[in-house]
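In terms of the numbering used here, the sequence shown opens at residue 6 and continues consecutively.
Glycine included, each C-beta is placed from N, C-alpha and C at the ideal position.
Quantities reported herein were computed from a predicted structural model and do not represent experimental measurements.
Here's the structure we're looking at; comments come further down.
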Amino acid sequence: MLKLFKDTNFKIHSHTVRGDELPAYADDFNHFLNILFNQLDIDGIFTDFPDLAVKFLKKQNSLPR
């Protein structure tokens, strides 16, 4: 389904990504962000932990330093 939306130029954002309430399959917040951005190829997130998300994205070279 995500591919269908991406193919039609929809932007995919996950809401709300929390570092203190991770799904069982995520080892930690960075692992969860890796799944979202690198495996599912989403375009953005809404989060209560923007400092951690920005730090992750900077390491991924997705944001200017």
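Alpha-carbon spacing of residue i relative to residue j, whole angstroms
i	j	result
L7	L45	8 Å
E26	N35	13 Å
A29	F37	10 Å
K11	R23	24 Å
A31	F15	26 Å
Counterpart residues of residue i in DSSP-defined beta bridges
i	result
I50	S19
For residue i, the first and last residue of its enclosing alpha helix (DSSP H)
i	result
L62	55-64
In chain order, which beta strand (DSSP E) runs of at least 3 residues are fully inside the region 10-43?
18-22
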